[in-house]
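Residue numbers for the sequence shown follow the numbering used here, beginning at 815 and rising by one. Below: one structure, written as structure tokens.
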Amino acid sequence: MKIKVINPNTTWTMTDKIGEAARAVAAPGTEIVAVSPAMGPVSIEGFYDEAFAAIGVIDEVRKGEAEGCDGYVIACFGDPGLAAAREVARGPVIGIAEAAMHAASLIGNGFTIVSMLERTRATMEHLVHAYGMSHKCRNIRMTDLPVLELEEEGSNARAIIVEECRRALAEDHSDSVLLGCGGMSDLMAHITKEIGAPAIDGVSAGVKLVEALVSLGLGTSKRQAYAYPVEKVYTGSFSQYSVPARKA
């Protein structure tokens, strides 16, 4: 099985961390290919960033289809480009926010999301609602840390995140915390040990969900919503994304 794990931003130190987290949980025989797009934002901290990151995600899924990938994980907690990527892919495509929320719903009655900049709260709120998890999400806590602070040596970002996770358990009465950024993927074991409760990394959960779906012989349904894109010409700088007629 070959799974492509896509970090939608272009910061490769984060991509390397994400790849390590994915390989740590992958089953024997599962090949993890961790990538960043060739173009896009260095971090994703708003709707503008997400719009451009989605193009890079779609580009990597298109490449993955030619490379024989069996499934994909989108390793950003905003799940940018998820629906469009599913239109392109034969196999399953899982966003880490969706994966983390579903995992949390199976092991506890309520969860708290702990994430980064306050301005991205709206994205988290939208996804909680879109994934039908409003009755499970106890709170969304933003540390107001820039995403790239997770990559800085000597940063106190880890300590701030751990403390916010502790507050989530004490004040929100949550059963688990969701690590609301792909850049936190290396913190799952550490935070779980520190707080004495599950800290769920969506990258790890996403990999296991893709493995399960592929093992069951399940790919993306092409019947309605995620049917392949309509044959169409794109113009200007997007001409490379024109959709050719599919062979019968």
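Virtual Cβ for every residue (Gly too), placed ideally from N, Cα, C. These figures come from a predicted structure and were not determined experimentally.
Within the model, the alpha-carbon separation for Q1038 versus R904 is close to 14 Å.
Look at V1047 here: in three-state DSSP terms it is coil, with no helix or strand label. Note on geometry: alpha-carbon atoms of Y945 and E912 lie some 7 Å from one another. The residue among Y1040, G860, V839 with its C-alpha nearest the C-alpha of N823 is G860.
The residue from Y1042, V887, A1041 with its alpha-carbon nearest to that of I846 is V887. Inter-residue distance for K816 and K1036 is about 21 Å (C-alpha atoms, whole angstroms).
Proximity of the stretch 832 to 841 to the stretch 996 to 1010 meets the contact definition, three or more beta-carbon pairs being nearer than 8 Å. In this structure, G878 lies away from A867, with their beta-carbon atoms at least 9 Å apart. A direct Cα-to-Cα measurement between L992 and P1058 gives close to 40 Å.
DSSP lists K1046 as the bridge partner or partners of V1057.
Residues I1014, A1019 of the same chain have their beta carbon placed closer than 7 Å to that of A917, with the five preceding and five following residues left out of the count. Taking the C-beta atoms as reference points, W826 is found nearer than 9 Å to S850.
Cβ-Cβ distances below 6 Å link P1043 to E901, V1057 in the same chain, with the five nearest sequence neighbours on each side left out; the list follows chain order. When secondary structure is reduced to three states using DSSP, G1020 falls in the helix class. Between the stretch 970 to 977 and the stretch 941 to 956, the count of Cβ pairs shorter than 8 Å is below three; the stretches do not touch.
In the structure shown, A848 falls within a strand segment according to DSSP collapsed to helix, strand and coil. Residue A848 holds the alpha-carbon nearest to the alpha-carbon of I832 among G843, P842, K818, A848. Listed in chain order, the alpha helix (DSSP H) elements of length 4 or more contained wholly in the stretch 885 to 948 are 896 to 902, 910 to 921, 935 to 944.
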